[in-house]
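Undergrad: Residue numbers (our numbering): 16 to 341.
C-beta: ideal position from N, C-alpha, C; glycine also.
Dropping a structure here in structure tokens format, bear with me for questions.
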Ligand code: CP
Ligand code: NVA
């Protein structure tokens, strides 16, 4: 999302790139994935590349995190950047300072903000009042960085995205599900959302995805879990049944999803070469059993690592830093 800046201190008007949802990078997905692969190849485990030196990333967490926090911090430091981590309740935001004022102040110190928020409204408010790029590290509607990592993982594994058939099984109305639903048509993948009727994608998301699928000539549909629903599928994706913020519905959700556990038998309904993705953390015995997540079809560990490489490429994109060609 390119935003015209209205903050008087930022005159003359310029534009900045926020990434609040996956559609904000719709046009740059191929470049981000290519840059991520280049960085992964160039840097390996311990390499560094000093292209972000002088830049500081701030990260605000309203919710817990392991992967997002560590992968952003380690990744930006590998590029020579500095990182400041803020847990909301340890900042003045936690004592009621407005998002508006926080955005204006942080924009004076930082070059970009990664924000993990409860609500997409607060996410948008922070972006609106910041004169620097804001990247979502998840809110109640979307998790764009996760889905960029999923695309990178599939591209690495299959050598292509175009033509892959993906089934998302579980809570199809959560943040990961929505970002994947919107991303699939953009990269030529067919997507099937497999969930109980009360947990289908939000209607607005579904409508947008249908439009994108029509434009890009891909298939989308939604159904319940069955042998047939996974027939011909190359990628089975799931996520927790109880996202952060949904804890009061825990018992009802566990009951509603009781028949949606990804077991080796469920995986066998997909293509024999099908792979399994999960953003993690996993809840073994609920959305997936341990033997699938740790089994031969699982790409979840590459997927977790790829959060770092793809976010490094994303940060370069929003900050206008050039990733050298390999
Ligand atoms: N997948 C993911 O976002 O993990 P964290 O909650 O640990 O950041
Ligand atoms: N849907 C999950 C993703 C966690 C990374 C949640 O929001 O809790």
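Once you ignore the five residues that flank residue 244 on each side, which residues in its own chain have a CB closer than 6 Å to its CB?
TA: Contacts found: 209 and 238.
Undergrad: What are the boundary residues of the alpha helix (DSSP H) that residue 183 is part of?
TA: That residue, residue 183, is in no alpha helix (DSSP H); its beta strand (DSSP E) goes 180-184.
Undergrad: Would residue 124 be called buried (16 or more neighbouring beta carbons within 10 Å of its own) or exposed?
TA: Residue 124 comes out exposed.
Undergrad: In chain order, which continuous runs of the alpha helix (DSSP H) of length 4 or greater are located wholly inside the segment 212-271?
TA: Runs of the alpha helix (DSSP H) inside the segment 212-271: 218-231 and 265-271.
Undergrad: Tell me the DSSP secondary structure of residue 76 in three-state form.
TA: Residue 76 falls in the strand class under three-state DSSP.
Undergrad: Leaving out the 5 sequence neighbours to the left and right, which residues in its chain are closer than 7 Å to residue 326 when beta-carbon positions are compared?
TA: Excluding residues within five positions, the ones whose Cβ falls inside 7 Å are 86, 87, 90 and 160.
Undergrad: Following the continuous beta strand (DSSP E) through residue 293, name the residue where it begins and the one where it ends.
TA: Looking at the DSSP string, the run of the beta strand (DSSP E) that includes residue 293 is 290-293.
Undergrad: Using DSSP with H/G/I as helix, E/B as strand and the rest coil, what is residue 139?
TA: Helix at residue 139.
Undergrad: Below 8 Å, can you find three or more Cβ-Cβ pairs linking the segment 303-315 to the segment 148-155?
TA: No contact exists between the segment 303-315 and the segment 148-155.
Undergrad: Can you give me the C-alpha to C-alpha distance between residue 20 and residue 224, rounded to a whole angstrom?
TA: Note that residue 20 scores 49 on pLDDT, short of 50, meaning its location in the model is unreliable; the coordinates nonetheless yield the value given after this. The alpha-carbon atoms of residue 20 and residue 224 are separated by roughly 29 Å.
Undergrad: For residue 127, which residues does DSSP report across the bridge?
TA: Beta-bridge pairing links residue 127 to 72.
Undergrad: Going straight from the alpha carbon of residue 295 to that of residue 60, what length do you get?
TA: The alpha-carbon atoms of residue 295 and residue 60 are separated by roughly 21 Å.
Undergrad: Assign residue 301 to one of three DSSP states: helix, strand, or coil.
TA: Reduced to three states, the DSSP call for residue 301 is coil.
Undergrad: Taking the DSSP output, what are the residues bridged to residue 205?
TA: Note: residue 205 sits in a beta bridge opposite 180.
Undergrad: First and last residue of the beta strand (DSSP E) that includes residue 97?
TA: From DSSP, the beta strand (DSSP E) with residue 97 extends over 97-102.
Undergrad: Could you pull out every residue in the same chain whose Cβ sits closer than 6 Å to the Cβ of residue 100, ignoring the five residues on either side in sequence?
TA: Taken in chain order, the residues that qualify are 74.
Undergrad: Less than 7 Å between C-beta atoms, sequence neighbours within five positions excluded: which residues of the same chain meet that for residue 185?
TA: Within the same chain, residue 185 has close Cβ partners 210, 253, 254, 256, 272, 275 and 302.
Undergrad: I'd like to confirm something about residue 35: is its beta-carbon nearer than 7 Å to some heavy atom of the ligand NVA, or not?
TA: Every heavy atom of the ligand NVA is 7 Å or more from the Cβ of residue 35, so no.
Undergrad: Which of the three DSSP states is assigned to residue 338 in this structure?
TA: Coil, per DSSP.
Undergrad: For residue 150, name the three-state secondary structure that DSSP assigns.
TA: Strand, per DSSP.
Undergrad: Applying the criterion that 16 or more other CB atoms from any shown protein chain within 10 Å of the CB defines a buried residue, is residue 80 buried or exposed?
TA: Buried, by the Cβ-count rule.
Undergrad: Is the distance from the Cβ of residue 249 to the Cβ of residue 286 below 8 Å?
TA: Yes. Within cutoff.
Undergrad: Tell me, to the nearest whole angstrom, how far the beta carbon of residue 191 is from that of residue 162; I am working on the premise that it is less than 8 Å.
TA: With 8 Å as the limit, residue 191 and residue 162 qualify as a contact, their Cβ atoms being about 7 Å apart.
Undergrad: For the putative contact between residue 195 and residue 236, defined by C-beta atoms under 8 Å, what is the C-beta separation to the nearest angstrom?
TA: That belief does not hold up - the Cβ atoms of residue 195 and residue 236 are roughly 14 Å apart, past 8 Å.
Undergrad: Using a threshold of 8 Å, state whether the C-beta atoms of residue 233 and residue 204 are closer than that.
TA: The answer is yes: Cβ separation under 8 Å.
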